[in-house]
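Keeping their order, the protein sequence lines are chains A and B.
Here the numbering used here is used: position 129 in the first sequence is 129, and no number is missing along the way.
Here the numbering used here is used: position 42 in the second sequence is 337, and no number is missing along the way.
Note that the Cβ used here is the ideal one computed from N, Cα and C, for glycine as well.
Small disclaimer: the values here were computed from a predicted structure and weren't measured.
There are 2 protein chains.
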Amino acid sequence: MNFNEKLASYIEYTEANLKKYNNHDISTAAQSELVDAMNYSLEAGGKRIRPVLVYAFCEALGGDYTRAAAPASAIEMIHTFSLIHDDLPAMDDDDFRRGKPSCHKKYGEAMAILAGDALSVLPFGIIADDAVLTSDEKVRIISRLAKSVGRSGMIGGQVIDMANEERTDVTEEQLRYMYRCKTGELIAVSCAMGCICAGASDEVISAACDYGFSLGLAFQIIDDILDVTSTTEELGKPVGSDEAENKTTFVTLYGVDKAREIADNITAQAMESLDKCGGSDFLRELTEMLLNRKN
Amino acid sequence: MNFNEKLASYIEYTEANLKKYNNHDISTAAQSELVDAMNYSLEAGGKRIRPVLVYAFCEALGGDYTRAAAPASAIEMIHTFSLIHDDLPAMDDDDFRRGKPSCHKKYGEAMAILAGDALSVLPFGIIADDAVLTSDEKVRIISRLAKSVGRSGMIGGQVIDMANEERTDVTEEQLRYMYRCKTGELIAVSCAMGCICAGASDEVISAACDYGFSLGLAFQIIDDILDVTSTTEELGKPVGSDEAENKTTFVTLYGVDKAREIADNITAQAMESLDKCGGSDFLRELTEMLLNRKN
């Protein structure tokens with residue numbers, strides 16, 4: 001299989017598992033609508049980067065990637081929960097997500113809050129109930145996953161992001177820390193979970209996390225750059241929104257050229273970490289694809 | 296120790312552990328405010344019924360109740376997360392909770408959403424990171440906990456409750472099912488988790504869950520009754536709110552006397568289940584206290 005075929009097969013497996021895990025084996029019409037709201041956002045697509053990283057790390061380190069179906073599905077649910085809640089009127093107030101009405105526009109605000117809530121909890125049950133992982137593996141995965149989502153992870157990052165919006169003196173260090181929490185943590189834990197499913201050593205897991213944090217940061221800086229260099233058509237969402245919202249980004253701090261240089265340096269670091277943890281050619285191609293993207 | 300001393304000691308232990316688990320070992324002022332918002336709601340008090348049940352079942356079945364600190368803290372955090380989100384403007388829109396401004400009135404709506412989110416995820420990490428439970432025990436606890444919170448548990452119950460508000464033809468069976476999901480599941484899983492920490496058999500766990508579901512249902516019917524028979528002063532919240540909101544309750548279905556009779560029958564069932572699973576005198580007294588309460 002070449003890179004594109006492999007990527008397509010991971011994505012297909014991801015989507016089949018999301019369907020399997022969020023099914024309609026429940027009792028009432030109201031609960032059924034909740035499952036619909038969850039599926040609506042789960043099926044909205046996106047790049048499925050996080051589950052792909054889980055599978056790719058598992059396979060790169062000699063594991064059978066189907067062993068990682070539970071954590072791969074879990075991380076995509078957590079990501080989806082964060083998108084649903086971020087779009088709420090009290091948060092970023094976005095009416096559209098990937099060209100479709102956002103969850104609260106389609107199902108109402110109360111149902112969107114509850115769909116996000118259900119998607120924040122279901123992942124832990126899916127991992128605990130998995131038929132192939134050992135109890136020790138499950139506990140290690142859940143411990144890392146909960147930390148990467150919580151106060152000092154993704155949710156903490158969202159809180160810092162909100163606080164930064166009211167400031168004009170955000171430093172590079174503070175911006176890096178916010179990106180690390182908000183985006184880096186979920187990407188790093190995806191890599192770590194794939195490693196755990198392959199029985200990798202702590203040293204390998206640590207290098208895989210380094211890769212994940214570098215990838216996450218470079219990904220965000222590219223986002224900053226695309227917001228000023230892309231077109232709304234190419235990007236699939238309005239460009240120039242960072243400037244309109246007075247956000248501090250790597251571009252507002254350093255300009256496009258220097259931001260691109262920083263992104264390239266961080267990408268080089270990511271590739272070094274990949275070498276250290278025995279990353280595959282697939283992972284190298286994936287990294288290049290994500291950082292040369294146009295949207 | 297008599298009943299009241301024992302109850303006070305469980306509650307004291309609960310509150311000390313909540314403080315310990317939701318501490319300020321994080322980096323930024325924004326994250327610190329998130330922890331404050333979480334603690335604000337965690338410290339708002341309440342009866343601490345769920346952690347008390349975890350400890351009391353563990354001890355009744357011959358276990359050391361301090362082994363159950365992680366699941367007991369976890370269940371109170373989950374309960375608190377549900378109260379924060381239920382109070383949001385898009386949900387029940389309550390400005391007060393236990394006589395204090397609700398989380399979103401104090402910290403703003405975005406922070407309240409995120410504080411609830413963080414309290415929905417932290418519990419799973421606390422259980423996974425616990426130093427005394429085995430991996431097998433942790434996995435069994437997390438599996439049950441996630442189910443009791445999710446689509447077919449507490450969150451599913453809230454969805455049914457919202458749907459019922461728009462209906463005038465809710466049957467007793469449907470009302471019972473809604474109460475079972477919304478309240479019963481968290482109470483039953485509290486009992487089950489205490490049993491697991493004591494190494495109890497599946498048969499005992501099953502009887503303990505039966506007790507929990509009966510207690511939860513009786514508790515809700517008493518709530519229905521107090522809403523029409525109590526005073527605002529005694530109850531600590533406005534009475535008559537069910538009627539004002541056109542809610543179907545056991546009182547609107549059957550009147551106060553018949554509702555009281557049903558609650559008494561369910562209490563008798565709860566006591567039978569307690570006998571079956573080897574429940575203690577403390578648990579019997581706790582059951583009576585909860586069902587003879589005035590608020």
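Just by C-beta distance, which residues in the stretch 125-156 of chain A are closer than 7 Å to chain B?
Gly125, Ala128, Asp129, Ser135, Asp136, Lys138, Val139, Ile142, Ser143, Ala146, Lys147, Val149, Gly150, Arg151, Ser152, Ile155 and Gly156
Kindly identify the DSSP beta-bridge partner or partners of A:Lys100.
Taking the first residue of the first sequence as 1, we reach residue 100 of chain A at position 100. In the DSSP output, where bridge partners are listed per residue, A:Lys100 has A:Arg97.
Is A:Asp129 helix, strand or coil when you go by DSSP?
Taking the first residue of the first sequence as 1, we reach residue 129 of chain A at position 129. It is coil, neither helix nor strand.
Indicate the three-state DSSP secondary structure (helix, strand or coil) for A:Leu61 in the structure shown.
One-based indexing of the first sequence puts residue 61 of chain A at position 61. In the structure shown, A:Leu61 sits in coil (DSSP, three-state: anything other than H, G, I, E or B).
Could you give the uninterrupted runs of the alpha helix (DSSP H) lying entirely in the stretch 116-174 of chain A, keeping only those of 4 residues or more?
135-149 and 154-164
For the stretch 383-405 of chain B, enumerate the residues whose C-beta is nearer than 7 Å to any C-beta of chain A, in chain order.
Leu383, Ala385, Met386, Glu404 and Ala405
Nearest-angstrom Cα distance between B:Thr429 and B:Arg579?
Translated into the one-based positions of the second sequence, residue 429 of chain B becomes position 134. Translated into the one-based positions of the second sequence, residue 579 of chain B becomes position 284. Cα to Cα, B:Thr429 sits roughly 30 Å from B:Arg579.
Count Cβ pairs between the stretch 135-152 of chain A and the stretch 413-430 of chain B that sit closer than 8 Å; are there 3 or more?
The count of Cβ pairs closer than 8 Å, one atom from the stretch 135-152 of chain A and one from the stretch 413-430 of chain B, reaches three, so the stretches are in contact.
Using the Cα positions of B:Val523 and B:Arg588, report the straight-line distance between them to the nearest angstrom.
For the purposes of this step, residue 523 of chain B is identified with residue 228 of the second sequence, where counting begins at 1. For the purposes of this step, residue 588 of chain B is identified with residue 293 of the second sequence, where counting begins at 1. So the two alpha carbons sit approximately 14 Å from each other.
Within 8 Å (strictly less), CB to CB, does A:Ala268 reach chain B?
Mapped onto the first sequence, residue 268 of chain A falls at position 268. False, the Cβ-Cβ gap to chain B never drops below 8 Å.
Do A:Ala69 and A:Asn23 have their CB atoms nearer than 8 Å?
Within the first sequence, residue 69 of chain A is the residue found at index 69, counting from 1. Within the first sequence, residue 23 of chain A is the residue found at index 23, counting from 1. No, these two residues do not count as a Cβ contact at 8 Å.
How about B:Val454: is its C-beta nearer than 8 Å to some C-beta of chain C?
Among the protein chains of the structure shown, namely A and B, there is no chain C.
Would you list, in chain order, the members of the stretch 464-482 of chain B that have their beta-carbon closer than 9 Å to a beta-carbon of chain A?
The stretch 464-482 of chain B vs chain A, Cβ under 9 Å: Gln469, Tyr472, Met473 and Cys476.
Are the CB atoms of A:Phe219 and A:Leu114 nearer to each other than 8 Å?
As a position in the first sequence, residue 219 of chain A is number 219, starting the count at 1. As a position in the first sequence, residue 114 of chain A is number 114, starting the count at 1. No, the pair does not count as a contact, with Cβ atoms beyond the cut-off.
What are the start and end residues of the alpha helix (DSSP H) that includes B:Lys532?
Numbered from 1 along the second sequence, position 237 holds the residue referred to as residue 532 of chain B. Careful: B:Lys532 lies outside any alpha helix (DSSP H) and carries neither H nor E.
Do B:Gly574 and B:Cys353 have their C-beta atoms closer together than 8 Å?
Working through the second sequence from its first residue, we reach residue 574 of chain B at position 279. Working through the second sequence from its first residue, we reach residue 353 of chain B at position 58. Their beta carbons are not under 8 Å apart, which means B:Gly574 does not touch B:Cys353 by this criterion.
Please check if any C-beta of chain A sits within less than 8 Å of the C-beta of B:Ser322.
Residue 322 of chain B sits at position 27 when you count from the first residue of the second sequence. By this cut-off, B:Ser322 is an interface position.
Report yes or no: do the stretch 35-48 of chain A and the stretch 467-482 of chain B share at least 3 C-beta pairs separated by less than 8 Å?
no
Who are the near neighbours of A:Gly212 in its chain, counting only those whose CB is closer than 8 Å to its CB and skipping five residues on each side?
For the purposes of this step, residue 212 of chain A is taken as the residue at position 212 of the first sequence. These residues qualify, in order along the chain: Leu53, Gly184, Ile187, Ala188, Val189, Ser190, Cys191 and Ala192.
May I ask which residues mark the beginning and end of the alpha helix (DSSP H) holding A:Pro71?
Numbered from 1 along the first sequence, position 71 holds the residue referred to as residue 71 of chain A. Counting along the chain, the alpha helix (DSSP H) containing A:Pro71 begins and ends at Ala69 to Asp86.
Which residues in chain A sit within 7 Å of B:Asp412, going by Cβ to Cβ distance?
One-based indexing of the second sequence puts residue 412 of chain B at position 117. Simply His85, Ser120 and Ile155.
Which class does B:Leu479 belong to by DSSP, given the choice of helix, strand or coil?
Here the question's residue 479 of chain B lines up with position 184 in the second sequence. Looking at the sequence provided, one finds Gly at residue 479 of chain B rather than Leu. B:Gly479 falls in the helix class under three-state DSSP.
Report yes if the C-beta distance between B:Ser509 and B:Gln564 is below 8 Å; otherwise report no.
If you number the second sequence from 1, residue 509 of chain B lands on position 214. If you number the second sequence from 1, residue 564 of chain B lands on position 269. Yes. Within cutoff.
Which residue from A:Pro123, A:Ile84 and A:Val170 puts its Cα closest to that of B:Arg446?
Position 151 of the second sequence, counting from 1, holds the residue named residue 446 of chain B. Here the closest residue by C-alpha is A:Pro123.
Kindly list the residues whose CB is nearer than 7 Å to the CB of A:Lys276, restricted to its own chain and excluding five residues on each side of it in sequence; keep chain order.
For the purposes of this step, residue 276 of chain A is taken as residue 276 along the first sequence, with counting starting at 1. Around A:Lys276: Ala207.
Who are the neighbours of A:Gln31 on chain B, taking C-beta pairs under 7 Å?
The residue you call residue 31 of chain A lines up with position 31 of the first sequence. In chain order: Arg446, Ser447, Gly451, Val454 and Ile455.
When you compare only the Cα positions, how much space is there between A:Ala259 and A:Ser230?
Within the first sequence, residue 259 of chain A is the residue found at index 259, counting from 1. Within the first sequence, residue 230 of chain A is the residue found at index 230, counting from 1. Rounded to whole angstroms, A:Ala259 and A:Ser230 show a C-alpha spacing of 15 Å.
Go through its chain and collect everything with a Cβ distance to B:Phe336's Cβ below 6 Å, but skip five positions before and after it.
The count along the second sequence starts at 1 and reaches residue 336 of chain B at position 41. Here residue 336 of chain B turns out to be Ser, not Phe, going by the sequence shown. The residues are Thr375, Ile379 and Cys398.
Return helix, strand or coil for B:Cys572, following the three-state DSSP convention.
Your numbering for residue 572 of chain B matches position 277 in the second sequence. Correct three-state label for B:Cys572: coil.
Distance, Cα to Cα, B:Leu356 vs B:Ala495?
As a first step, residue 356 of chain B is located in the second sequence; it is residue number 61 there, counting from the start. As a first step, residue 495 of chain B is located in the second sequence; it is residue number 200 there, counting from the start. Going from the Cα of B:Leu356 to the Cα of B:Ala495 covers about 7 Å.
Does DSSP put B:Arg579 in a helix, a strand or coil?
In the second sequence, counting from the first residue as 1, residue 579 of chain B sits at position 284. Correct three-state label for B:Arg579: helix.
In three-state terms, what does DSSP make of A:Arg50?
Position 50 of the first sequence holds residue 50 of chain A. Three-state DSSP puts A:Arg50 in a helix.
Secondary structure at A:Asp92, three-state DSSP: helix, strand or coil?
For the purposes of this step, residue 92 of chain A is identified with residue 92 of the first sequence, where counting begins at 1. Secondary structure at A:Asp92: coil, using DSSP grouped into helix, strand and coil.
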